[in-house]
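Participant: After the structure tokens below, expect a handful of questions from me.
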Amino acid sequence: MSLKYAFFLGCVVPNRYPGIEAASRKVLPRIGVQLEDLTGASCCPAPGVIGSLSRDSWLTLASRNLCLAERLGLDVLTVCNGCFATLSDANSELKESSERRDRVTNLLHGIGLNYIGRVKVKHIAEVLGKEVGSKKIQEHVTKPLSNIRIAVHYGCHLVKPRVSRNFDNPENPTILDELVKALGAESVDYEEKMACCGAGGGVRSGVPDVSLRMLNEKLANIQNAKADCVVDVCPFCHLQFDKGQVELKQGYDISYSIPILHYLQALGLAMGYSVSELGLDQQYIWNQAIANKLGGGNGTK
Amino acid sequence: MATAKTDLEAPRKIVSRRNDFANEVTKAGGVNINKCLQCGRCTASCPSGKHTAYRTRMIIRRAMAGFREEVLAGDDIWLCTTCYTCYERCPRGIDVVKVIQTLRNMSMRVGGMLPAHRAVALNLYKTGHAVPIDPDNKDKRLKLGLPEVPPTVHSSSIALSEVHELLEQAGFLDVLETALTKQIRVRPPEEGLFL
Amino acid sequence: MNEVAASSEAVPRVGVYVCHCGKNIADTVDVKKVSEFASSLPNVVIARDYVHVCDEVGQDTISRDIKEQKLNRVVVAACSPKVHEVTFRRTLAKSGLNPYLLEVGNIREQCSWVHIDNKDLATEKAKDLVIMAVSKALLLRPLEAKEIETTKSTLVIGGGIAGVQAALDLADSGIKVHLVERASNIGGRMAQWGKVFPTMDCAACILMPKLVNVVQHPNITLYTHSEVKDFSGSLGNFKVKIVRKPKYVDEEKCTGCGTCAQKCPVKVPNEFDFGLGQRKAIYIPSPNAIPQKYTIDTDHCLYFTKGVCKVCQKFCTSGAINYEQQPQTVDIQVGTVVVATGYDPFDPSGILEYGFGKYDNVITGPMVERMADAMGPTGGKIIRLSDKKPPKKVAFLQCVGSRDEKLRLAYCSRVCCMYALKDAMMLKEEDPSIEATIFYIDIRAFGKGYEEFYVRGQERGVKFVRGKVSSIVEEPDTKRLRLRYEDTLLGRTIVEAFDLVVLSVGQLPRKEDQELGKLLGLPRGIEGFFMEAHPKLRPNDTVVDGIYLAGSAQYPKDITDAVAQASGAASRAAISLQVGKVQIEPVAPTVDENYCGGCGICVGTCTFNALKFDKQGEKRVVRVDESLCKGCGSCVAACPLSAIKAPQFTDQQIAAQVKALLRPETLRR
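Dropping the structure here:
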């Protein structure tokens, strides 16, 4: 089976957490997902900040990114909830007639672009969960993450709003938990599992103390459940969880040491790649406990 | 203790309300806020509201009561993380997130933008990325065997110029300029005003 | 044939009446101009305009003109014929003119109401509609309505309080009633409730006498554990096939002693108790079920599933158990039907954030009712399911499954505010120290005595919080529930723990109504409830003549309104039966057998099965069953040889109308 997608990088992955990009490029081709670079792609643009400032600008840049994919003749694959939300919603908005769509279409024509509407936007969770499947993933696992207790964080824009995403039940989704189990790990339940990490909507940059309060509650609940690490599928949640723990220590003297892995990094570990190959040692939070559990010599921070 | 007649005769502050504000918002965002039941489920679902005095429902209530300035130049609309839980649970099916984003868009014109967002917006314009690459991360990329700079607008000046052109034509810079030259903050209407 | 009727063969003399309909027509259409235009038309002898042609003066004017002006055609330009065609036909009949020499031009729904912003064009259009009506009127021929005798019998589908009330009213008035109930026993939802609001009567106490009355009534034939399988015919003569599903217990022999159930080894959750209690595989749903006859549940009975046991038969002293019992088909003929199939309570399992089905102590209103019933699964005590102890702090959440567009259940179920209040009051009566809080969006206390009941509740200390609860989380050790809500009147978000949470679920139409609707030809509304003929003026009728509605099958309602509507439906259902005959409108088309080629294309178009093949000598032809025909005209349009002609819409009449519309003046416009 060969699935081929235009790989949409976004901002946080290439510019802050390149480990996730490395993990994607190593892991995905091996399980049958071919990636083609979407050269010249810009910020999706960030739904929280840019969508709040000007919806016209948001739709314009998003449409350009979709045009690039259409030019390649491929569907878009993203590894980020935020980019997924932007590109999916823009895709839908471009299919309905409106004054905004007319304005944006004119702007695109101005630089020689025209969006016909053939592109589908896919999130890696959907591709892995529904197109590749847990079973196939399991076949590629050579170093199962046994004894690792994982707290799965779905994030918000993967499953909500339900009418737009149409992807698992927002109150009680199971897709990522299944994918984590396929790696041989245990997905632990924790209080308010579906709570927001607090980063989105421009809150992380705009109202940082409120953002950190929300993060703190999540981390406290995860810690209570005695998880070894968190697995997510959104680089922005990833940034919030990783750097946020440093900010909590610096600003509020609250200490946690809960490493955060993107699912692709976790899959990478299970397929035998090392901590440094996946950029995990470049992240703010890493610790000996998890390194040991992963089987010694996997690098510490 | 009242000083003679003066305190009791202190001029009452007249607050102006805009009767058409609810319709203005409805028209701008395409979501009919007049349908709101004011049941409060959104407030109770909100993660920001859990940690602050923010009440999602009140934004809609103030909008319906016509407190245009207080809503557009207030702090509350910036506390939403767009998690969509309110929309999921609203019995009237109101896309509250879209309403809040519409209000944020409208607030650009009155100077309601948060100062911290200036940097993000300028980055987007200048580099095509809200979060652009920096020397530290170029290093990280090289260590991982990736090209120093990703194959995005960062690697293509033509692509970047397209982004510039589009943002300029879309009026992004105008929005930014207005938002940056005006900066006002207005307190919520319930706080100690006489009507 | 009197003088006036005979003159219909003579030169047409038309009277045109243009109605103002108050301001409905006159504010948009210049009725005087239309009336003047009408009088200029050939064959129009007199044209008038009047404020309400349908009122006494209006009708008397038409009558007088018929006599004095020797009119033999009448055109009324007014509201839709659906509203007053019947009225004006009566006027003609009373004046000695054949009622089918009337033509109604709709200058309201099809003109003034839809062209409010363009008075000039609306007036021109009204003139067009009038000239079209006049042109058709010239070609109308007198028709005779057929009279058929009605069968003095009614089918009532549903044995809840509404069906029971309708059945008793009809039976008391001397009409034979066939009452069909799907369950093994009658009483419906009311039999499941503990007390009723606002009187706080014991539901069973006031219901039982009616149920016993039904069982004993000489004019009522009761079919329990039965269904309507086949249905055809029309007002006055419906043919119905009822299937009595086997109970495997001979009802004549069963004494209701209950020994069989005592001995039966199989325990099953009792649906009647919403899963709170258990019953056996041979059972009655509750100790005071009526009729007191047992039924075997073949899905769980060991004999029917595995071929073993037979203990019930062994111990039955009346020899009532009969494993070989067959379904019984009964064919009946009735004149009218009352549909009273009731409702199902909403199942909140799908609302994951409320935890129903996951958390022990989150229950529904109906479950509280079963608990409150002294003969119920908890002996009349309202308790927490986790530890069987009485709760000290109870929350009632309103509008669960109602007023919720996300769930596609946008309507209000009417009764939940009152039943939550009632349940809260019951708790307070038992123990005034119990804290009961009702979380609402609005409190709807609309009926007689309801507002006073609400005040009593408040006085007794029932708490009210205006806020829709967002989510419920269980405390693992105590199994208490934490509710997160905004007290909107206070403007604060609060998390509060309760011992027991009651979800006040709404009323939903029964799933089986979809099939029943198809069988009876009854349309259902967007929410799934059966549609009434007119929401204001005919709330008990359906669009099918002879079929009436009662109870929650039509729309959620409380017992008071269900009973009132049931008596209303019974009265409607009795009219044609007491009169003894019914008129069949001459809408059925006639087949000209000289032209009919027997191709059968028309048969395929008829959704009422009114067209049937027959033989005319050697030739195959089609015949029309007038009692089934609704006059829709599909067959008339479909016939390739124009062999079928509709009496009230002939080709010539339609052609004349089109020609009148496309006169040179309109083409110049």
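Protein chains in written order, with this note's numbering: chain X, 1 to 301; chain Y, 302 to 496; chain E, 497 to 1165. All residues carry an ideal CB built from backbone N, CA and C; glycine is no exception. Given the structure is predicted, the values throughout are model-derived calculations rather than measurements.
1) Answer yes or no: does any C-beta atom of chain E fall closer than 8 Å to that of L494/Y?
2) Taking 8 Å as the threshold (beta carbon to beta carbon), is E139/X in contact with chain E?
3) Within its chain, find whatever has a CB closer than 7 Å to the CB of C306/X; leave out the 5 residues flanking it on each side and keep chain order.
4) Are the CB atoms of C340/Y and G963/E nearer to each other than 8 Å?
5) C234/X: which of K160/X, F84/X, P45/X sits nearest, CA to CA?
6) Using beta carbons (cut-off 8 Å, strictly below), is C384/Y in contact with chain E?
7) Would you mind sorting C493/E into buried or exposed? The rule is 16 or more other CB atoms within 10 Å of its CB.
8) Flag this pair as touching only if the stretch 193-210 of chain X and the stretch 49-67 of chain X have three or more C-beta atom pairs under 8 Å; answer yes or no.
9) Write down the C-beta distance between G511/E and D561/E rounded to the nearest angstrom, noting that I regard them as a contact closer than 8 Å.
10) Taking 6 Å as the limit between beta carbons, can you name the residues of its chain near P862/E, skipping five residues before and five after?
11) Extract the residue ranges of the beta strand (DSSP E) inside the stretch 127-166 of chain X, only unbroken runs of 3 or more that lie entirely within it.
12) For P489/Y, would you say it is in contact with chain E, using Cβ-to-Cβ distances shorter than 8 Å as the test?
13) In terms of DSSP beta bridges, what is E1011/E paired with?
14) Exposed or buried, F473/Y, counting other C-beta atoms within 10 Å across all chains shown (16 or more means buried)?
15) In the stretch 319-351 of chain Y, which residues sit with their C-beta less than 7 Å from some C-beta in chain X, listed in chain order?
16) Between A1049/E, P694/E, V965/E, A641/E, which has its C-alpha nearest R1006/E's C-alpha?
17) From A364/Y to A323/Y, what distance separates their C-alpha atoms?
18) Just to confirm, is the Cβ distance from F7/X to N65/X under 8 Å?
19) Buried or exposed: where does Y252/X fall if 16 or more other Cβ atoms within 10 Å of its Cβ makes it buried?
20) Counting only beta-carbon separations shorter than 8 Å, does L848/E have a partner in chain X?
21) What in chain E is Cβ-close to E171/X, meaning under 8 Å?
22) Name, in chain order, the residues that DSSP records as bridge partners for Q1112/E.
23) Excluding five sequence neighbours on each side, which residues of the same chain lie with their C-beta closer than 8 Å to the C-beta of V507/E?
24) Touch check for the stretch 656-665 of chain E and the stretch 683-702 of chain E: three-plus C-beta pairs under 8 Å?
25) Measuring CA to CA, which of G446/Y, E389/Y, P489/Y is closest to S164/X?
26) G729/E bridges to which residues according to DSSP?
27) Verify whether the separation of the beta carbon atoms of G831/E and G943/E is less than 8 Å.
28) With the cut-off set at 8 Å, would you say T1101/E and S1067/E are in Cβ contact?
29) Pick out whichever of P161/X, L176/X, I260/X, L179/X has its Cα sitting closest to the Cα of Q88/X.
30) To which residues of the same chain is Q824/E closer than 6 Å at the C-beta, ignoring the five residues directly before and after it?
31) According to a CB-to-CB cut-off of less than 8 Å, which residues of the stretch 392-405 of chain Y neighbour chain E?
32) Beta-carbon separation of I716/E and A667/E under 8 Å?
33) List the residues of chain Y that V965/E touches, going by C-beta distances under 8 Å, in chain order.
34) Quick one: using the 10 Å Cβ neighbour count with 16 as the cut-off for buried, is Q245/X buried or exposed?
35) For Q894/E, which three-state DSSP category applies?
36) Is it the case that the Cβ atoms of V969/E and F935/E are separated by a distance below 8 Å?
Facilitator: Quick look at the numbers:
1) With a pLDDT of only 47 at L494/Y, under the threshold of 50, the placement of this residue in the model should not be trusted; the figure read from the coordinates follows. Cβ-Cβ to chain E under 8 Å: no for L494/Y.
2) no
3) Residue coverage of chain X in this structure runs from 1 to 301, which leaves residue 306/X outside it and unanswerable.
4) yes
5) Selected option, being the one with the closest Cα: F84/X.
6) no
7) Given that chain E is displayed from residue 497 to residue 1165, the structure contains no residue 493/E and the question cannot be resolved.
8) yes
9) 5 Å
10) F770, P841
11) 149-153
12) no
13) In the DSSP output, where bridge partners are listed per residue, E1011/E has none listed.
14) buried
15) Result list: P348, S349.
16) A1049/E
17) 6 Å
18) Not a contact, by the Cβ cut-off of 8 Å.
19) exposed
20) Yes, because at least one Cβ of chain X sits closer than 8 Å to the Cβ of L848/E.
21) L848, E849
22) Its beta-bridge partners are K1115/E.
23) N539
24) yes
25) E389/Y
26) Answer is F734/E.
27) no
28) no
29) Reading the sequence as shown, one finds Ser at residue 88/X and not Gln. The shortest C-alpha separation from S88/X is found at P161/X.
30) R740
31) P392, R393, G394
32) yes
33) R342, A345
34) buried
35) Three-state DSSP puts Q894/E in a strand.
36) No.
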